[in-house]
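First the structure, in the form of structure tokens, and then the observations on it.
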Amino acid sequence: MRIDCPMCGSRDRREYYYQGGAVMLARPAPDAGEAAWDDYLHLRENPAGETEELWQHDGGCGAWLVVTRDTVSHEISNVALAEDVKRAMRKAS
Amino acid sequence: MRFSGWRVLREGLTGNKGWAPHWRDPEPKAEYDAVIIGGGGHGLSTAYYLAKNHGMTNIAVLEKGYLGGGNVGRNTTIVRANYGQQGNSEFYSHSLKLWENLEEDLNYNAMMSQRGIINLFHSDGQRDAFARRGNMMINQGDDAELLDREGVRRLLPYLDFDNVRFPIYGGLLHRRGGTARHDAVAWGFARGADQRGVDLIQQCEVTGIDIENGKVRGVQTTRGAIRAKKVGIVVAGRSGQVAAMAGMRLPIESHVLQAFVTEGIKPVIDHVVSFGMGHFYISQSNKGGLVFGGDLDFYASYAQRGNMPMMEHVMEAGMTLMPMIGKAKVLRSWGGIMDMTPDGSPIIDKTDTEGLFIDCGWCYGGFKAVPGSGFSFAHLMATGEHHEPAAKYRLDRFRKGRGLMDEEATGSQHNLH
Amino acid sequence: MRLAGKGLVDRSTPVQFSFDGTTYKGFAGDTVASALLANGVKLMGRSFKYHRPRGVLSAGSEEPNALITTGKGAGQEPNVRATVQEVYDGLVTRSQNAWPSLDFDVMAVNDLGAPFLGAGFYYKTFMWPKRFWEAVYEPVIRKAAGLGALSGKSNEDTYERAYAFCDLLVIGAGPTGLMAALTAARAGADVIIADEDSLLGGRLNAETGAVGHQSGAAWAAAVVAELSSMENVRLMSRTTVTGAYDGGMYGALERVNQHTSHRGGGAPLECFWRISAKHAVLAAGALERPIAFQNNDRPGVMTAGAVRAYLNRWGVTPGKRVAVFGNNDDAHRTARDLAAAGVHVVALIDSRNDVAVPDFDGRVFKGAQVCNAAGRKELESITIRTATGEEALQVDCLAVSGGWNPTVHLTCHMGGRPTWREDIQAFVPTDGSIPNMTVAGACNGVFSTQQCLNDGVEAAKAALKALGKKNADVEVPKAEDAPYQMSPLWAVAGKGRAWLDFQNDVSVKDIKQAAVENFRSVEHMKRYTTQGMATDQGKNSNVAALAMLADATGRGIPETGTTTFRPPYSPVSIAAMGAGAQGHGFAPERWTTSHKRSVEMGAPMIEAGLWYRPSYFPKPGESTWRQSCDREVGYVRNAVGVCDVSTLGKIDIQGPDAAKLLDFVYTNMFSSLKVGRVRYGLMLREDGFVMDDGTTARLGEQHFVMTTTTAAAGNVMRHLEFVTQALHPEWEVSFASVTEQWAQFAVAGPKSRELLNGLLDEPIKGESWPFMACGPVSVVGVEGRLFRISFSGEHAYEIAVPSRYGASLFDILLKRAEEMGGGAYGMEALNVLRIEKGFITHAEIEGRATAFDIGAAKMISAKKDCVGKTMAARPGLVDEDRPQLVGLKPVDAAKQLTAGAHLFERDAEAVRINSKGHVSSVGFSPDLGTMIGLGFFARGPERHGEVIRMVDHLRGVETEVEICHPVFLDPEGERVRG
């Protein structure tokens, strides 16, 4: 498996750290309530198909990435910098 | 038909013409008292215990592929009760007791072999952590022994004790742990359930769960609608998809775990051995293959196959721990889909829908849990009450933070357990 | 028997090797199998279950029978395919799975018991009496298990791993692969062509047909020569592509020195390659399948293609009187080639009625079948069944062809399922099974040499197009050819056992019995009968077994199921895939600047994270570690001790929002910290449990240095990256790990200031460096940093200098300390010092502890949000009944405490439900003259002074302990401030 880091180019999976679903970008407000936090930390869509995930190029530039990947074929269709995605989320909301 | 040495002898003398199917292939009925979704190890054992312990025989197991086709047939066959956290400790203790009488119970030789498990440790800190766990095991009534380096050397002289990156300080020995023939466990439970009247329906995929007014009414399948008063979801690897049919989201992320087997070689490893400085566990099967595994590939996956980085990492661990296995050749690798939960422990619980129950989230502890999970889930489905050894496997523990069983102490990130 | 003038072996280079103690002669280019056949040896192995005598079946890595053990001592290697292993001078080989000898194998008695040992028999028996399974049955079964044996000795050979990158990976160097490689290489693509054989050319080396104006082998050699001369081509012979993985990654095993006697040193025996290919062409050819009939496993029964390979490539005829039996035209070639070479072809038996057969001197049977074979250790005769009856023929070799199976294996590795093709009665790869792979030639069901050549060109063109490269002109030579026609024949009807999976002794009867017992799914059948589970992974038998199952269940083959294959294509040694990890290579090693000196002082070094740290520094006269430890504790409590603390993570944080970041990742406030001051901080994971702790110093308004524990340094760094990129990209803050840039030493004890003042260019005066002060200093002329912090409760400092000065500063500090009655202290003393003061480490914050548990609930600031704050407030995390941090003192005569023991109420039985906590850390306090410990106990803080019970079943320790405050020494903290 290889991932195209927007900073460094195509690199072996060994250089990357996987964290989980990209929902972790949307941290709830401290007072958002039990259900919102349960959603954020525990519950997962966990699709058998395309999904957005958070990876970090920790063996490289250190960038956190939002990787769009299919969990059945493992095909990667998009890689974006998490900070760009987060900024766009901010703008949209 | 009862299996025995005499039966094998008699059939052998008469041309092996008298063998009968291990189970029937019935057509699904229109209605059952209960339906189990998933004909894997846990589903089959649930059906078996529903019939045996609770007299529920008008039930069906619905399997989209073939019986035992999931993780029960693709694991490293390790059976143990060496957990350190309340909740897990009593559950696996109960499950191990069931294992110890499984052959007699099922009249099927699942080859449960208590060859002993040794978890190695490589620092004083690790020793203390293992001591805490071993003491929990004994508190629970199970067995554990703390071996020092020489004690390990006596049992496992082939390990690399000298000039190695992470020297061996000792090991936690669990004599009652061991291995079993994985497929036979599924087949034994299937045959036992079938003999008690349970309908095992293969090639029958559940496509929907019928719910009315908060109560479950049955399921839709590729072989037609089936009404049922109770429905149990036992589909590790597909838990999220099936639960979604009932509008549920689960605290689960699916991951791939690889395992490996070498060509058959003459016996060299008698125990189950695990490395403490990298995930690696190994045993040798009765056919001679070294069966071993390591950690998750760490990315979400439903592909039932892994990639080279983790494969190589597992081999590296093998080479640093026991370099005498270097010339054994890996014959086959495979992957299973693990229901990873935020504390690494499973779920056996009711749902918000009346009559709908769920058994999932086994991470990679599912095989050893097969009898215990079925026993406890059957108890819950039949009586509506939690079975004491599995009483802590609640869905709401993450939300409330109460009764978390984080054996690896790695926190709520699903793939770190 | 070797034939004069035939074959491609180098007759000018004779080679001697041994098999079962007998020395044989072969030639360079021989495999063990070809050389043994040349020497008239037919019996090469025993089967797994029934120990039936077996000879070689094939001429490739798919061989199920002729498995041998090579080498001696630690070099012993089991289960080597005699059909792959090349001979070299001094090669030692042995047969396996036979005792006392291959010729007379006691375990062959199993074959007589076969009626009782059919498919799955063991699931039905060995259950009574219960204890006999582990005591009697299983040990006997295990003893019989396996084929060859490992030496039991640690590996001594060299293995390697490597990466390679290419535009196009061509897998297989037969006619298809060579044409594909040539086409792509001439177009300028970076090409890797890999083939598991030592000689590239594939079937061209085993056949007599011409390609262009020369023999196929000569044409292949010419192409190989051209490819070798090109800089953009890497030819990898003896290299098996073992697996296809995500993103164009392929695993490959190169048998670098398996064909030579070079061992050890710089010459790797094998190299495991990870090949990253933008595109791949699979040109892996096809594997011939046998036909099942009674006793079809007798030594001398071989695949027809293998017989041709031995004849044409190695100049060996496996028999003097040969019969050929097939269901397809390809088999005819064997009769033709043998006859042309002067070998007596007794008969050609074709199962089809209307076929044209070549002209030769032997008998021809059409519409006939071989239904039995005789000759236990060497084929003596076969029985032919024709429309008119049965007839026995005296032969010593039977060449069999049941048709060819495309080598689809790699296309199944990513979950692809092959497609059934009725015309060739075989599975072919399904399009798109592996992204960016083109399947070509025989492995795609193309069984004509000419078409394979064409297909290779087309596949390369497709790859070039995908790569955006222009085509080059390649002329496709004309190849001698014959069409491949066949009619299905899987098994010959009849009594007796007809074998499918040779190695695992699975017969047609076993498949039928499995079906009767309702193991009707392919997966059930395989698992129940062990069909396809042997070392060849069903390469020779899976399709036939599927056909038998289809037959037994009344279904067609495609309805019955498909066959799939998992990596690796052929087995790969653990040593190759784990190369480099043996001994110290498993994980990186990190050394502090004081490492060398510590080792010189005799300190045992222990692992901490990836670092090594000194456990203690023994002095002459000390016989136990405790003596050293007590002395070192005394240095710190009474004089001055020096300890290298460089392994702690150090993160330099700068920017206008640096304080904001710290406020967010720590539970307590850092924005209020004054410049020149240090503060202890507690960090939570987002789920509310404690992640790490440490001190952070404010060096400037926008400049902090955070320290982490040694173990968590990487996690904390990643956490900060996550917070600043994924949660708060708007913050202006930058940070970098500076752990390795600074060497840092704790100087602790009442004389620490005095010691430092001898080194600092501007000595510490009065209150110029109060407790928790920090700032730049000049130490012996070097710019460094000084922190007045303490992990021992004593007046103490940590002094940091750029790493290049670390070793000399350590020496200076040590010398001064010793002059002042102190010295170096190691991890053991550090541990005692911190337990005496109730300071926690990862023994306490092991991942399941909350701030509440460690008595730090108040450290979660109410004035701000922080990571983990919300979840830390979950009811389960602040439950009063949770075990909480306490100090522990033994109160009975045993005076013992052990970490990992559980804690119970004084009168409670030591069982699970009564466990109310555990002991996390223990040490002997020389100051208090007793063992002390830290631990957790339910509602512990309310119960100081009470006596409870500690039970360590494992170590046999049971004692009464008193709960106390976790700070044992100087609870007011006077020393640290003094």
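Residue numbers (our numbering), protein chains in the order written: chain G, 1 to 93; chain P, 94 to 510; chain R, 511 to 1488. Think of the CB as a built atom: it goes at the ideal place given N, C-alpha and C, for glycine as much as any other residue.
Would you say the stretch 166 to 183 of chain P touches the stretch 312 to 325 of chain P, given that touching needs at least three Cβ pairs under 8 Å?
Taking 8 Å as the limit for Cβ pairs, the verdict is that the stretch 312 to 325 of chain P does not touch the stretch 166 to 183 of chain P.
Quick check: V708 (chain R) and S747 (chain R), are their CB atoms within less than 8 Å of each other?
First, the amino acid is wrong: residue 708 (chain R) is Ser here, not Val. Yes; because the gap between Cβ atoms is below 8 Å, this pair is in contact.
Rounded C-alpha distance that separates G719 (chain R) from F1096 (chain R)
Computed Cα separation, rounded: 51 Å.
For my contact list, R1422 (chain R) and N508 (chain P) are in at a C-beta cut-off of 8 Å; report their separation, rounded to the angstrom.
Not a contact, Cβ separation roughly 29 Å.
Using a Cβ-Cβ distance cut-off of 8 Å, determine whether S1371 (chain R) contacts chain G.
Chain G, which has no Cβ nearer than 8 Å to the Cβ of S1371 (chain R), makes this no.
My understanding is that P1078 (chain R) touches T593 (chain R), with C-beta atoms under 8 Å, so please give their C-beta distance in whole angstroms.
Incorrect: roughly 17 Å between the Cβ atoms, too far for contact.
Between A48 (chain G) and chain P, is the shortest Cβ-Cβ distance under 8 Å, so that the two count as touching?
So yes, A48 (chain G) belongs to the interface.
Roughly how many angstroms separate the alpha carbons of C922 (chain R) and T1074 (chain R), rounded to a whole number?
If you draw a straight line from the Cα of C922 (chain R) to the Cα of T1074 (chain R), it is about 6 Å long.
On the three-pair Cβ rule with 8 Å, is the stretch 1006 to 1016 of chain R touching the stretch 1044 to 1052 of chain R?
Judged by Cβ distances under 8 Å, the stretch 1006 to 1016 of chain R makes contact with the stretch 1044 to 1052 of chain R, as three or more pairs qualify.
Cα-Cα, which of R:A1057, R:V1032 and R:F1029 is closest to V1018 (chain R)?
Looking at the Cα atoms, R:A1057 is the closest of the given residues.
So which of R:T1217, R:S1083, R:R1487 and R:L1479 has the shortest CA-CA distance to A1277 (chain R)?
The sequence shown places Glu at residue 1277 (chain R), rather than the Ala named in the question. Answer by Cα proximity: R:R1487.
Please confirm whether N151 (chain P) has its beta-carbon closer than 8 Å to some beta-carbon of chain G.
Not an interface residue.
With a threshold of 7 Å on Cβ separation, who are the neighbours of A471 (chain P) within its own chain once the five nearest residues in sequence on each side are excluded?
If the five residues before and after A471 (chain P) are omitted, its C-beta is found closer than 7 Å to the C-beta atoms of T139, Y142, L143, N146 and H147, all from its own chain and listed in chain order.
CB contact check: R167 (chain P) to chain G, cutoff 8 Å:
Using beta-carbon distances, R167 (chain P) does not count as an interface residue toward chain G, since no partner is under 8 Å.
Any chance you could list the alpha helix (DSSP H) runs of at least 4 consecutive residues sitting entirely within the stretch 202 to 242 of chain P, in chain order?
The DSSP assignment places complete alpha helix (DSSP H) segments of no fewer than 4 residues inside the stretch 202 to 242 of chain P at 217 to 233, in order along the chain.
Across the stretch 966 to 976 of chain R and the stretch 934 to 953 of chain R, are there enough close Cβ pairs to call them in contact, namely three or more that are closer than 8 Å?
In this structure the stretch 966 to 976 of chain R lies against the stretch 934 to 953 of chain R, because at least three pairs of beta carbons, one per stretch, are closer than 8 Å.
Note down the Cα distance separating K1129 (chain R) from C1139 (chain R), rounded to an integer number of angstroms.
Spanning the alpha carbons of K1129 (chain R) and C1139 (chain R) requires a straight line of approximately 11 Å.
So A396 (chain P) contacts chain R; which residues on that side make the cut at Cβ distance below 8 Å?
Near A396 (chain P) (Cβ distances below 8 Å), the residues of chain R are M924 and G925.
Can you name, in chain order, every residue of its own chain whose Cβ lies under 8 Å from the Cβ of K308 (chain P), other than the five neighbours on each side?
Apart from sequence neighbours up to five positions away, the residues of its chain that approach K308 (chain P) with a beta-carbon distance below 8 Å are T446, E447 and G448, ordered along the chain.
CB W455 (chain P) to CB A352 (chain P), shorter than 8 Å?
Contact flag unset, no.
How is T752 (chain R) classed by DSSP in three states: helix, strand or coil?
Three-state result, T752 (chain R): strand.
Flag K86 (chain G) as yes if its beta-carbon sits less than 8 Å from any beta-carbon of chain R, otherwise no.
With a threshold of 8 Å between beta carbons, K86 (chain G) makes contact with chain R.
Taking Cβ to Cβ, would you say T635 (chain R) is nearer than 8 Å to A777 (chain R)?
Here T635 (chain R) is not near A777 (chain R), since their CB atoms are 8 Å or more apart.
Interface residues of chain P around S1083 (chain R) at Cβ under 8 Å?
Around S1083 (chain R), the beta-carbon contacts reaching into chain P at under 8 Å are G419, K420, A421, K422 and V423.
Any chain P beta carbon closer than 8 Å to L25 (chain G):
Judged by the 8 Å Cβ criterion, L25 (chain G) is not in contact with chain P.
Under 9 Å by beta carbon: chain P residues contacting D4 (chain G)
Result: empty, since nearest Cβ-Cβ is about 15 Å, beyond 9 Å.
Please confirm if E346 (chain P) has its CB atom under 8 Å from at least one CB of chain G.
Closer than 8 Å: yes.
Beta-carbon neighbours of K1379 (chain R), restricted to chain G and to distances below 9 Å:
Taking a Cβ-Cβ threshold of 9 Å, the residues of chain G close to K1379 (chain R) are P30, in chain order.
In DSSP terms, what F875 (chain R) is bridged to:
For F875 (chain R), the beta-bridge partners assigned by DSSP are R:I859.
Counting contacts by CB-CB distance shorter than 8 Å, is N400 (chain P) in contact with chain G?
So yes, N400 (chain P) belongs to the interface.
Does the Cβ of N78 (chain G) have 16 or more other Cβ atoms within 10 Å, making it buried, or fewer, making it exposed?
Burial state of N78 (chain G) is exposed, judged by a 10 Å Cβ sphere holding fewer than 16 other Cβ atoms.
Could you check what DSSP says for S469 (chain P) in three-state terms: helix, strand or coil?
In the structure shown, S469 (chain P) falls within a helical segment according to DSSP collapsed to helix, strand and coil.
Comparing alpha-carbon positions, which option in R:H1352, R:K1005 and R:E1390 lies nearest A1367 (chain R)?
Nearest C-alpha to A1367 (chain R): R:E1390.
Give me whichever residues DSSP pairs with G583 (chain R) in a beta bridge.
Answer by DSSP bridge pairing: none, since G583 (chain R) is not bridged.
Which residues does DSSP pair with F353 (chain P) in a beta bridge?
Under DSSP, F353 (chain P) forms a beta bridge with P:F385 and P:S426.
From D235 (chain P) to K1399 (chain R), what distance separates their C-alpha atoms?
CA-to-CA, the gap between D235 (chain P) and K1399 (chain R) works out to about 29 Å.
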